[in-house]
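Here numbering that gives the first Met the number 0 is used: the first residue of the sequence shown is 0, the next is one more, and so on.
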Amino acid sequence: MFTLNEDILYLIFFKELQDDKNTLYSCLLVNKTWCEIIIPILWKNPWKKRNEKILFNVIVSYLSDELRNNLYQEIDFLTDSYKKPLFDYISFCRHLNFVEIERIIDMYIILEERRLSIKNDIINVFINDKTRFTHLYIPQNFNYQIHLIPGAEFCFSRLEFLFCKTSVNEKVLDGLTKICKSIKELEIFIENCNNNYEIIKLIENQRNLYNISFTNENTDESFCKILEKSLIKHENNIQYFKMTKPLITNVLSSFVNLKILELVSKFKSRNIKWNCLENISLPCLQILRAYYIPIYVLTNLINNSSGSLIEINIDYISHSQNSNKRIIQAIYQNCPNLMYLKILLKNNSNLELENLLINCPRLDGLYLIISNFIIKFNWVSLFTILAKLSPNCLFKFKFSYYYREIDSKSLKLFFNNWKGRNPMLLQIIPRTHLPNLEMSSLIDKYIAEGIVKKYDYNINYKHTTFKDFEWI
0 MFTLNEDILY LIFFKELQDD KNTLYSCLLV NKTWCEIIIP ILWKNPWKKR
50 NEKILFNVIV SYLSDELRNN LYQEIDFLTD SYKKPLFDYI SFCRHLNFVE
100 IERIIDMYII LEERRLSIKN DIINVFINDK TRFTHLYIPQ NFNYQIHLIP
150 GAEFCFSRLE FLFCKTSVNE KVLDGLTKIC KSIKELEIFI ENCNNNYEII
200 KLIENQRNLY NISFTNENTD ESFCKILEKS LIKHENNIQY FKMTKPLITN
250 VLSSFVNLKI LELVSKFKSR NIKWNCLENI SLPCLQILRA YYIPIYVLTN
300 LINNSSGSLI EINIDYISHS QNSNKRIIQA IYQNCPNLMY LKILLKNNSN
350 LELENLLINC PRLDGLYLII SNFIIKFNWV SLFTILAKLS PNCLFKFKFS
400 YYYREIDSKS LKLFFNNWKG RNPMLLQIIP RTHLPNLEMS SLIDKYIAEG
450 IVKKYDYNIN YKHTTFKDFE WI
């Protein structure tokens, strides 16, 4: 029987299947070699898509006999017949998620004093001189002095990712700052009334920080200014930046190698001014994602781009007909290499859509949010334009709409005019409708004819399993 080399098996399991947990679990049972390769992959990030009861059972197996016996009496799903684990599972962990640990313990341990004791014992299980972590997640008001636990320097000296909140104990952050110098990705939740200056020292202490996410609820401008200026040291390295409120300084303009910009506001803040984005030029920007951001701000940002944008994702912001025309114009005039676009489309923007399809010949996926709140949308016009002018590489479509369903006549026209092109990948996302059985039946007919390759009708758009630019 032909046997694959272990290195090849690892590449297959890790590179191709690491996110496909069901397949990996099935492969565990093939033989001992496969099992020994897959277990470390599954336990690299055990907090992701795992049965938390099974996970907690394994963690508890590392505790002392006395602690285990106490927990067996307290938590009914724990297995009371102790067996030494076949593998040293904890040693395979690369993600240490104190957020999940706290959540699981708080869910199943009733008494507060018991919670604190169990948390402390479990933290000591994970921090040792055998396990190196690359990712660390620290919850709100965390005050465990993890940097003082024997083995902490070994555990965290090669940390690459950190999530934390500014309410973290300052001594904890100070300890991590002294140990960690290789953090590449940093997610900070900047809480109001928590001016933790140790965060600033942590940022300045890193050698190659290039991904930064600021979720900012702090209203203290003086602290935010100092925090923003701490990024200047990394201005040439930063490639990804996310912010949830406008910056106070102009530090964003210094990110000359920024490739991904994510602007995430809230509905109640959708009308605030984003002066930090006015007249800004980001020459290497490739991906722009914006939610609840004023459309004129995004139009100016795109107008000032240098033609390198390949993905634009704009959602959750209503705007006028003229504003809709202007932003589509900005896109087709400044984004010749665009491959993926999600945008609101209004009834009278047909000419702009035509120019978009002509001037963006590399467009590969199109996600249109249809504005049909008040005025009935002209689906015939849209589908005629798409069938006539879509570049050859464009056959992936998503249509999201509100009150009025797509009529069957328009859809038939679209499919009939699409004959001879690449089979379509189609997702229809009604935001307020029940399933349309007639539409599904119609599309099944065109799947059989080879005009549509794959079709999804997603009525629960807020909980879709697909990413915006994912069709399969």
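Ideal Cβ placement from N, Cα and C applies to all residues, glycine included.
The model shown is predicted, which means the values in this text are computed figures rather than measured ones.
Continuous beta strand (DSSP E) stretch holding residue i: start and end
i           : result
residue 169 : No beta strand (DSSP E) contains residue 169, which is instead part of the alpha helix (DSSP H) from 169-178.
residue 337 : No beta strand (DSSP E) holds residue 337; DSSP gives it neither H nor E.
residue 163 : 160-164
residue 476 : Absent from the model: residue 476. The displayed extent of the chain is 0 to 471, so no value can be given.
residue 418 : Unbroken run through residue 418: none, as it is neither H nor E.
residue 31  : No beta strand (DSSP E) contains residue 31, which is instead part of the alpha helix (DSSP H) from 31-41.
residue 135 : 134-136
Residue i - partner residues in DSSP beta bridges
i           : result
residue 400 : 429
residue 288 : 261, 312
residue 296 : None; residue 296 has no bridge partner.
residue 364 : 339, 395
residue 241 : 212, 261
residue 224 : Per DSSP, none; premise fails for residue 224.
residue 455 : 426
residue 344 : 369
Run of the alpha helix (DSSP H) containing residue i, from where it starts to where it stops
i           : result
residue 188 : It is not in any alpha helix (DSSP H) - residue 188 instead sits in the beta strand (DSSP E) that spans 184-189.
residue 379 : 378-388
residue 200 : 197-203
residue 349 : 349-358
residue 154 : 151-155
Rounded Cβ spacing between residue i and residue j (contact assumed at less than 8 angstroms)
i           : j           : result
residue 124 : residue 84  : Contact flag wrong, Cβ pair sits at about 12 angstroms.
residue 422 : residue 452 : 4 angstroms
residue 259 : residue 239 : 4 angstroms
residue 344 : residue 352 : 7 angstroms
residue 300 : residue 276 : 6 angstroms
residue 346 : residue 376 : 6 angstroms
residue 108 : residue 145 : Incorrect: roughly 20 angstroms between the Cβ atoms, too far for contact.
residue 158 : residue 141 : Contact doesn't hold; Cβ gap of about 15 angstroms is too wide.
residue 308 : residue 334 : 5 angstroms
residue 199 : residue 156 : Rounded, the Cβ-Cβ distance is 21 angstroms, inconsistent with contact.
residue 359 : residue 401 : Going by Cβ atoms, the distance from residue 359 to residue 401 rounds to 26 angstroms, so no, they are not a contact pair.
residue 341 : residue 443 : That pair is no contact at about 26 angstroms.
At 4 residues or longer, what runs of the alpha helix (DSSP H) sit wholly inside the stretch 47-125? 51-59, 64-73, 88-91, 97-107, 111-125
Spell out a yes or no on whether the stretch 194-204 and the stretch 154-170 are touching, meaning 3 or more CB-CB pairs, one atom from each, closer than 8 angstroms. yes
Counting Cβ pairs closer than 8 angstroms, one from the stretch 265-283 and one from the stretch 210-218, do we hit at least three? no
Would you check if the stretch 47-54 and the stretch 109-117 touch, i.e. whether three or more CB-CB distances between them fall below 8 angstroms? no
With contact counted as at least three CB pairs below 8 angstroms, one residue from each stretch, are the stretch 220-239 and the stretch 248-255 in contact? yes
Between the stretch 409-419 and the stretch 380-392, do three or more beta carbon pairs fall short of 8 angstroms? yes
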